[in-house]
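Just below is one structure, and these are the notes that go with it.
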Amino acid sequence: MDTVIVTTEESLERVIERVLDRKLPKTEDSPIEKTFSINQVAKMLRRSHKKISDLVAGGILKCTADRRIYESSIREYNQK
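In my numbering, the protein residues as written are 33 to 112.
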């Protein structure tokens, strides 16, 4: 025997919103920043691959664990 549940559209929307809030990450709390490879940054800044690698190694350009450079780090470097 099947169970029949009678509800309103508003009630269903509230339930769906609660489920999605629990399952999906909040975009406001964890913005994803664009990153670039060393080669891409070298071309953008018209510098050599070695120069950009040295800046990364020296901590001047901040990067991810796989050595992709953050866009905000490039902006900071350009302002100096």
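Don't be surprised by glycine CBs; every beta carbon is placed ideally from N, CA and C.
Since this is a predicted model, take the numbers as computed values, not measurements.
Residue i (DSSP reduced to helix, strand or coil)
i: Ile92; result: coil
Span of the alpha helix (DSSP H), counted from its first residue to its last, around residue i
i: Glu108; result: 103-111
i: Val36; result: Premise fails: Val36 is in no alpha helix (DSSP H) and is neither H nor E.
i: Ile70; result: 70-77
Same chain, Cβ closer than 7 Å to residue i, five either side skipped, listed in chain order
i: Asn71; result: His81
i: Ser69; result: Arg100
Proximity of residue i and residue j at Cβ, strictly below 8 Å
i: Val88; j: Ile101; result: yes
i: Glu103; j: Lys66; result: yes
i: Ser73; j: Ile64; result: For clarity, residue 73 is Val in the given sequence; the question names Ser instead. No, the pair does not count as a contact, with Cβ atoms beyond the cut-off.
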